[in-house]
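Q: In the working numbering, the protein residues as written are 1 to 179. Please see the structure below; I have some questions.
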Ligand code: 5GP
């Protein structure tokens, strides 16, 4: 069976720490996007909890839309090829787009998405990511808003899954294989 069949969780950021950081990020985004046409784009499924909390921490008129993508290749590795499983329902033309991501790992998924959104004539495209794992970066991506920078560990919780589990945890934890 998988290396994570008998696994334990080590809390990296508590629910309170996550919420506090999101309030700070929301306050900064509120300042930066005054007078702009803010369009949040949530990358499903991992960023769903982050988006729900972040949008409530932003004190501005905004819209939210959802996109689902999948990377080809092994389950927890990115090959760089991205497939859109569910596209946005709304146009990004002239909008100030803020892509909301759970985690930036290799950066390949974001790289593809940013390119794709810029070609839809957005006025601007920036990224808010809850977690950043810079050690694994393969593509250069400019992430304007980062919640926490983390070491090269596999994390779950607060939207992030392993085999679709753990998304409902209110905290972020490292999933550690037991021997
Ligand atoms: P990237 O294209 O940056 O390598 O991959 C980004 C996607 O891989 C994230 O949106 C996330 O779905 C997944 N991912 C990367 N690192 C982790 C991790 O530590 N835990 C989980 N659950 N997913 C991850």
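Where a beta carbon is used, it is the ideal one built from N, C-alpha and C, also for glycine. Since the structure is predicted, the reported quantities are computational estimates derived from the model, not experimental observations.
Just curious, the beta strand (DSSP E) that residue 125 is in, first and last residue?
A: Numbered from 1 along the chain shown, position 125 holds the residue referred to as residue 125. Run containing residue 125: 124 to 132, per the beta strand (DSSP E) assignment.
Q: Indicate, with yes or no, if the ligand 5GP has a heavy atom lying under 7 Å from the CB of residue 164.
A: Within the chain shown, residue 164 is the residue found at index 164, counting from 1. No, Cβ of residue 164 sits at least 7 Å from all heavy atoms of the ligand 5GP.
Q: Could you check what DSSP says for residue 59 in three-state terms: helix, strand or coil?
A: Along the chain shown, read from residue 1 onward, the residue named residue 59 stands at position 59. Residue 59 falls in the coil class under three-state DSSP.
Q: Kindly examine the ligand 5GP and report whether one of its heavy atoms sits closer than 7 Å to the Cβ of residue 50.
A: Indexing the chain shown from 1 puts residue 50 at position 50. Checking every heavy atom of the ligand 5GP against the Cβ of residue 50, none is found closer than 7 Å.
Q: Give me whichever residues DSSP pairs with residue 98 in a beta bridge.
A: Working through the chain shown from its first residue, we reach residue 98 at position 98. The partner list for residue 98 (beta bridge, DSSP) reads 40 and 126.
Q: Going by DSSP, which residues form a beta bridge with residue 157?
A: Numbered from its first residue, the chain shown carries residue 157 at position 157. DSSP, once it has assigned bridges, lists 160 as partnering residue 157.
Q: Does the region 58 to 68 come close enough to the region 26 to 41 to have 3 or more Cβ pairs within less than 8 Å?
A: Yes, since at least three Cβ pairs between the region 58 to 68 and the region 26 to 41 fall closer than 8 Å, the two stretches touch.
Q: Under 6 Å Cβ to Cβ from residue 167, same chain only, skipping five residues before and after it: list those, please.
A: The residue you call residue 167 lines up with position 167 of the chain shown. Excluding residues within five positions, the ones whose Cβ falls inside 6 Å are 159 and 161.
Q: Let me confirm a value: residue 85 is counted as buried when at least 16 other C-beta atoms fall within 10 Å, else exposed. Which label applies?
A: For the purposes of this step, residue 85 is taken as residue 85 along the chain shown, with counting starting at 1. Counting Cβ neighbours within 10 Å, residue 85 comes out exposed, since fewer than 16 surround it.
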